[in-house]
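First the structure, in the form of structure tokens, and then the observations on it.
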Amino acid sequence: MPLKLNPPIQFHPASSHSHRYRTPSQNYQNTLYHRMHNQLTFIRTLPSPFFNNLHRSNPNFIGRGNRSFRIPKPMLCSSLNSHSGGADDDSDGNNNANGTASFRNFKFNQSTFLASLMPKTEIGVDRFLHSYPHYDGRGALIAIFDSGVDPAAAGLQVTSDGKPKILDILDCTGSGDIDTSKVVKADPDGCISGASGASLAINTSWKNPSGEWHVGYKLVYELFTEKLTSRLKKERKKKWDEKNQEEIAKTVQQLNDFDQQHRKVEDAKLKKAREDLQNRLDLLRKQSESYEDKGPAVDAVVWYDGEVWRVALDTQSLEDDSDCGKLANFVPLTNYRTERKYGVFSKLDACTFVVNVYSDGNVLSIVTDSSPHGTHVAGIATAFHPEEPLLNGVAPGAQLISCKIGDSRLGSMETGTGLTRALIAAVEHKCDLINMSYGEPTFLPDYGRFVDLVNEVVNKHRLIFVSSAGNSGPALSTVGAPGGTSSSIIGIGAYVSPAMAAGAHCVVEPPSEGLEYTWSSRGPTADGDLGVSVSAPGGAIAPVPTWTLQRRMLMNGTSMSSPSACGGIALLISAMKAEGISVSPYGVRKALENTTVPIGNSPEDKLSTGQGLMQVDKCYEYIQQSQNIPNVWYKINISQSGKTNPSSRGIYLREASACRQPTEWTVQVDPKFHEDANKIEDLAVFEECIELHSSDSTVVKAPEYLLLTHNGRTFNILVDPTNLCDGLHYYEVYGIDCKAPWRGPLFRIPITITKPVAVIDRPPQVSFSKMLFQSGRIERKYIEVPHGASWVEATMNISSFDTPRRFFVDTVQICPLQRPLKWRSVITFSSPASKSFTFRVVGGQTLELVISQFWSSGIGSHESTNVDLKIVFHGIKASQEEIVLDGSEAPVRVDAEALLASEKLTPVANLNKIRVPYRPIDVKISALSNDRDKLPSGKQTLALTLT
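Just so it is clear: in the sequence shown, position 153 is 153 by UniProt numbering, and no numbers are missing.
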């Protein structure tokens with residue numbers, strides 16, 4: 001998913017997914033292919049409600065009956081002072097407005113500006129590193145599942161303690177593979193015949209005991225990104241045009257000279273000579289018009305030097321100087337993991353590559369990146385700039401491996417094969433963390449072969465998997481897979497602070513407080529899970545590959561928030577390893593979620609931000625206090641009493657019929673330990689007294705206590721939405737350890753209710769008037785679509801504003817066993833106006849309609865925007881919407897019926913597809929290589945070849 005970011009660059013079509021970096025066309029469930037203390041940043045200062053004795057501010061108490069536990073006062077993430085004493089502040093929430101005024105009057109200096117480009121203060125990194133300067137990621141290894149990382153990019157050479165930054169670079173997609181199974185031997189002159197047919201001179205100093213040379217070739221454009229290829233084509237065409245124009249000029253001169261010498265051409269030979277000159281001129285002019293550059297071919301030679309496999313490339317076709325790029329002048333490379341060396345194809349492209357050899361020399365993998373996205377992500381997580389420490393990544397001491405999952409042949413889309421190979425590599429290298437800033441929509445959350453493999457990697461091998469939640473917000477149920485939909489993965493939302501807005505985004509006036517980016521995907525998932533776990537800064541100016549001809553670039557998206565969070569977790573792992581604390585994905589996730597700073601005032605904000613903005617320093621304090629507590633993940637399965645519907649991970653009442661009466665639900669809580677847990681010492685003795693809490697007992701009723709053992713326990717909860725008003729409502733049932741309430745919720749059961757308004761007017765229509773908007777404002781309307789409606793005609797009137805306004809208009813409907821039906825329009829109003837638009841709907845299903853003023857739109861204005869919206873439903877039912885003609889049928893009849901009101905119908909038929917069936921004549925199943933296709937469990941990936 002390519003690849004899960006928003007303007008100026010959007011991924012998560014991540015780096016809109018649009019990339020996020022996101023790839024909308026992939027379906028996970030069906031794949032196997034597939035410090036700066038004075039940085040000025042304010043965030044909303046609400047309490048982190050489940051954290052005791054770890055803050056140094058004075059606690060308040062809350063309790064239930066005669067039981068109470070501590071809640072700290074709200075705390076500023078940082079202040080205007082140059083120290084990092086946020087935790088020593090006695091500030092309360094009432095000081096935030098003063099802080100905001102101070103921020104708006106504050107002027108950046110160079111240091112505070114630079115620090116805002118790579119946001120770290122927002123998540124407590126400065127405070128953590130002030131207390132633990134050596135726990136800057138050292139000892140932590142991160143696998144970057146992305147489009148590839150450039151080892152020559154700024155800040156990605158060494159760690160803060162001088163170790164190599166990148167330990168391995170792999171192309172898991174196979175897009176850079178070259179068949180080098182052809183073996184040749186050198187002739188007496190020391191030359192071999194390359195796979196392209198070129199004669200290649202071998203360097204006599206190269207050791208090759210066997211004398212066997214594996215040869216192959218590749219069209220170089222197949223290794224480059226579309227942008228790099230476009231640049232090269234322009235530059236090569238410019239040089240070609242110069243030479244072609246020179247030849248045209250020469251030919252014109254020759255033709256003029258000929259005509260001056262021969263006033264009358266009667267001799268046949270002279271006529272032939274002049275005709276040849278004219279034909280040459282015509283040909284030169286014609287080829288200038290029909291010029292096509294399919295790219296030069298690069299010859300590859302692979303051999304075994306007695307110790308390792310070596311690789312040399314002949315890149316003469318990329319060079320202007322014929323003496324450059326010769327095979328014999330190439331400095332041989334070996335697998336990057338062995339010597340950590342890389343090459344550059346030519347000065348013209350400035351594209352870095354590494355090599356890996358597989359299958360005893362028969363397959364050569366040339367690894368290049370498929371977009372700048374992966375390098376940018378790696379830079380946010382781990383970049384180390386000794387001369388520019390303010391621009392360091394979150395964990396400059398961490399190391400990484402690059403697993404390229406974005407296939408260059410597919411526009412940087414991932415495949416199941418690439419994802420599987422990446423997981424294999426992460427386990428093989430004993431990585432601590434995985435970051436994947438890729439994703440896409442899915443209609444079956446937490447399901448599929450890739451999810452099964454992720455579960456194994458997390459539960460058995462204890463890797464912490466962090467991923468972007470997506471860039472498809474602000475509508476609900478827009479979280480992408482796998483980051484927002486998989487229980488074993490920590491899904492990250494995208495947050496923007498005032499400092500980020502003022503610095504990286506260069507807005508005229510920053511927002512008064514931090515908020516979630518408008519486009520950050522929201523939960524819940526289709527089966528009711530929260531979707532977003534926590535939030536982190538979703539924008540940065542970070543390193544990009546050298547072929548972009550710039551050192552850094554601004555990107556924003558959940559593709560950026562994910563590595564920010566991942567880097568923060570790397571700091572925790574660095575500290576835990578140094579202090580001898582066992583690292584567990586279960587314990588780290590619980591610490592993250594229970595030590596956040598909430599973003600927003602309402603319970604419903606959790607659907608946007610998760611538990612809130614992560615805080616590294618407070619998270620580590622929690623980990624220290626809980627290090628002797630067993631690491632347990634509480635798996636939740638919920639089913640509606642009396643129904644056989646599939647179980648879910650939360651309760652999601654979305655349709656009108658579900659809101660008309662109370663419902664009872666059975667909740668199964670199963671404590672899950674890591675696979676290496678001791679059955680007697682861990683499992684058999686596990687027993688917890690859980691106190692159950694409901695966030696609103698008038699709507700959601702739950703038992704008071706639960707005794708939980710290793711084998712799990714069920715209990716019932718009652719949800720009564722009947723007295724709720726129309727709109728969105730969010731509640732939680734959560735479990736607290738009676739003996740250690742400071743631990744916060746051990747598990748949470750999210751309950752989301754969207755109560756739609758019924759359409760009673762005839763013809764069916766509904767209006768919403770006098771909706772007032774300011775920057776970042778989101779208005780959600782839920783409508784019960786009349787049965788028979790198939791499309792909507794909406795009119796949006798906007799008034800009472802000064803500067804231009806940019807709005808997102810989104811709609812979402814969730815239909816069983818289908819991907820959510822989504823529609824979006826981005827509308828910019830430069831003056832009061834009315835705009836109309838149409839979109840498809842499904843009758844009988846709740847429609848969520850979201851109008852949002854973009855977070856930075858109108859940010860310098862203090863006027864609210866007035867919006868009126870009118871929605872009219874239409875419906876025509878056709879007996880056939882798609883007709884397939886096979887050439888043998890008679891005319892096809894299509895019956896149409898207007899179900900809601902009289903409609904004007906203008907039939908239009910478009911023949912836009914031709915389907916040609918192909919039946920394979922041969923089937924072959926074979927095992928892929930052990931080098932990169934053997935699963936940690938020992939199973940082998942098989943290939944099915946249809947001929």
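Here a beta-carbon is modelled for each residue, glycine too, at the ideal position from N, C-alpha and C.
Which residues share a DSSP beta bridge with residue 309?
Partner(s): 304.
Helix, strand or coil: which one does DSSP assign to residue 54?
With a pLDDT of 34 at residue 54, under the threshold of 50, the predicted position of this residue should be treated as unreliable, though the coordinate-derived value follows. In the structure shown, residue 54 sits in coil (DSSP, three-state: anything other than H, G, I, E or B).
Which same chain residues, not among the five before or five after residue 454, have their C-beta less than 8 angstroms away from its C-beta?
423, 465, 482, 486, 488 and 489.
Run through DSSP, which three-state label would residue 407 get?
Strand.
Measuring CA to CA, which of 312, 573 and 370 is closest to residue 956?
Residue coverage of the chain in this structure runs from 1 to 947, which leaves residue 956 outside it and unanswerable.
Under 8 angstroms between the Cβ atoms of residue 124 and residue 615?
Yes; because the gap between Cβ atoms is below 8 angstroms, this pair is in contact.
Rounded to whole angstroms, what's the CA-CA distance from residue 46 to residue 599? Just pull it up for me.
Residue placement at residue 46 is poorly supported in this model, since its pLDDT is 34, which falls under 50; the coordinates still yield a value, given next. Using only the alpha carbons, I get a separation of about 8 angstroms.
How big is the Cα-Cα spacing for residue 675 and residue 683?
If I take the Cα positions, the gap works out to 11 angstroms.
Could you check how far apart the C-beta atoms of residue 793 and residue 838 are, in whole angstroms? I think they sit under 8 angstroms.
Contact holds; Cβ gap of about 5 angstroms.
Find out if the Cβ-Cβ distance for the pair residue 948, residue 358 is shorter than 8 angstroms.
Only positions 1 to 947 of the chain appear in the structure, and residue 948 is not among them; the question remains open.
Measuring alpha carbon to alpha carbon, tell me which residue in 761, 480 and 157 is nearest residue 901.
Ranking the options by Cα distance to residue 901, first place goes to 761.
Would the segment 638-654 and the segment 519-537 be scored as touching if the rule is three or more Cβ pairs under 8 angstroms?
Output reads yes: the segment 519-537 touches the segment 638-654.
Could you please give the first and the last residue of the uninterrupted beta strand (DSSP E) stretch that includes residue 948?
Lying before the first or after the last residue shown, residue 948 is absent from the chain, which here runs from 1 to 947.
Can at least three beta-carbon pairs, one atom from the segment 410-425 and one from the segment 573-585, be found at a separation below 8 angstroms?
No, the segment 410-425 is not in contact with the segment 573-585.
Quick one: Cα of residue 731 to Cα of residue 618, how far?
In a straight line, the C-alpha of residue 731 is about 25 angstroms away from that of residue 618.
On the CB-based measure, 16 or more other CB atoms within 10 Å of its CB, does residue 705 come out buried or exposed?
So residue 705 ends up on the exposed side.
Could you pull out every residue in the same chain whose Cβ sits closer than 8 angstroms to the Cβ of residue 909, ignoring the five residues on either side in sequence?
Excluding sequence neighbours, residue 909 sits near 883.
Does DSSP put residue 256 in a helix, in a strand, or in coil?
Note: residue 256 maps to helix in three-state DSSP.
Report buried or exposed for residue 278, applying the criterion of at least 16 other Cβ atoms within 10 angstroms of its Cβ.
The residue is exposed, with fewer than 16 neighbouring Cβ atoms inside 10 Å.
Am I right that residue 397 and residue 204 are in contact with their C-beta atoms under 8 angstroms? What's the rounded C-beta distance?
That belief does not hold up - the Cβ atoms of residue 397 and residue 204 are roughly 44 angstroms apart, past 8 angstroms.
Roughly how many angstroms lie between the CA atoms of residue 953 and residue 300, to the nearest whole one?
Nothing can be reported for residue 953: it is not among the residues displayed for the chain, which extend from 1 to 947.
Going by C-alpha distance, which of 370, 480 and 434 is nearest residue 544?
That would be 370, whose Cα lies nearest to the Cα of residue 544.
Assign residue 689 to one of three DSSP states: helix, strand, or coil.
The answer is strand: DSSP assigns residue 689 an E or B state.
Could you check how far apart the C-beta atoms of residue 656 and residue 756 are, in whole angstroms? I think they sit under 8 angstroms.
The Cβ separation is near 5 angstroms, so the contact holds.
Let me make sure I understand the geometry here. Which of 440, 376 and 500 has the alpha-carbon closest to that of residue 546?
Measuring from the Cα of residue 546, the nearest candidate turns out to be 376.
With a CB to CB cut of under 7 angstroms and the five nearest residues on each side skipped, what residues in its chain are close to residue 405?
Hits under 7 angstroms: 145, 146, 172, 173, 414, 418, 419, 422 and 438.
Three or more beta-carbon pairs under 8 angstroms between the segment 550-559 and the segment 105-114, yes or no?
Result no; under three Cβ-Cβ pairs closer than 8 angstroms.
I need the boundaries of the alpha helix (DSSP H) containing residue 336, first residue and last residue.
Run containing residue 336: 336-339, per the alpha helix (DSSP H) assignment.
Taking only the alpha-carbon atoms, compute the straight-line gap between residue 776 and residue 806 and give it to the nearest angstrom.
Using only the alpha carbons, I get a separation of about 10 angstroms.
Counting only the same chain and skipping the five closest in sequence on each side, list residues whose C-beta sits under 6 angstroms from that of residue 824.
Cβ within range, chain order: 810.
Helix, strand or coil, according to DSSP, for residue 900 in the structure here?
The answer is coil: DSSP assigns residue 900 none of H, G, I, E or B.
List the endpoints of the continuous alpha helix (DSSP H) containing residue 566.
558-579 is the span of the alpha helix (DSSP H), which, as asked, contains residue 566.
For the candidate residues 222, 721, 271 and 281, whose alpha-carbon lies nearest to that of residue 250?
With distances taken between Cα atoms, residue 250 lies closest to 281.
Leaving out the 5 sequence neighbours to the left and right, which residues in its chain are closer than 7 angstroms to residue 120 when beta-carbon positions are compared?
Excluding positions up to five away in sequence, the list reads 126 and 394.
Identify the residues that DSSP records as bridge partners of residue 544: which are they?
Paired residues: none, contrary to the question.
Please go through the same chain and pick out, in chain order, the residues whose beta-carbon is closer than 7 angstroms to the beta-carbon of residue 720, but skip the five residues on each side of it.
The residues are 662 and 699.
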